[in-house]
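Taking the working numbering, the leading residue of the sequence shown gets 1263, the next gets one more, and so forth. Please read the structure below before turning to the comments.
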Amino acid sequence: MNTDIEAYVEKCLGCQANSRVPNSEPIKMSNLPEHVWDELAMDSFGPLPSGEYLFVIEDLYSRFVDIMKITTGSNVINKLERLFVIFGYPKKIRSNNGPPFQSKELKL
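Next comes the structure, spelled out in structure tokens:
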């Protein structure tokens, strides 16, 4: 009976889609940047209950976080330009390449 069940599960698309796949590699910790503002992480968050989205920027060395409401792509660009004038350009930017990072206006 076990072999029948295993054969059924192997052919069942729904079973395969919902099955847990064992992680073959352990998660690797990222190295801490050497200096403040060397590496930034950026992501969007939402929608909030109000329907708004947030844009989050984090310096991965100091853990400094800046959060703003996203209204347009140009608002995000203006915010980044102001931060880059103050702190300089980072060596590296991490993002998940989500929709805010795919716009023609914001090509990182």
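Backbone N, C-alpha and C fix where the C-beta goes; we use that ideal spot for every residue, glycine too.
Cβ-based burial, residue i [other Cβ within 10 Å; buried from 16]
{"i": "E1314", "result": "exposed"}
{"i": "I1304", "result": "In the sequence on display, residue 1304 carries Met and not Ile. Result: buried."}
{"i": "L1275", "result": "exposed"}
When the options are compared against residue i, the one with the closest alpha-carbon
{"i": "W1299", "options": "S1357, F1307, F1326 and T1333", "result": "F1326"}
{"i": "E1203", "options": "K1354, T1334 and K1366", "result": "For the chain, the structure presents residues 1263 to 1370; residue 1203 sits outside this window and is missing."}
{"i": "N1359", "options": "F1346, S1306, V1347 and L1342", "result": "S1306"}
Residues near residue i in its chain [Cβ-Cβ closer than 6 Å; skip 5 each side]
{"i": "I1329", "result": "L1316 and V1318"}
{"i": "S1365", "result": "G1335"}
Cutoff 8 Å; reference residue i; Cβ partners in own chain excluding five residues on either side
{"i": "E1301", "result": "P1295, D1321, L1322, Y1323, P1352, K1353, K1354, I1355 and R1356"}
{"i": "P1309", "result": "Y1315"}
Close-in-space but distant-in-sequence residues of the same chain around residue i (CB under 7 Å, 5 per side omitted)
{"i": "E1367", "result": "G1335, S1336 and I1339"}
{"i": "F1379", "result": "Past the edges of the chain, shown from 1263 to 1370, lies residue 1379, and the structure says nothing about it."}
Output the residue ranges of the alpha helix (DSSP H) runs that lie fully inside the region 1272-1348 and measure 4 residues or longer, sorted by chain position. Within the region 1272-1348, the complete alpha helix (DSSP H) runs of at least 4 residues are 1275-1280.
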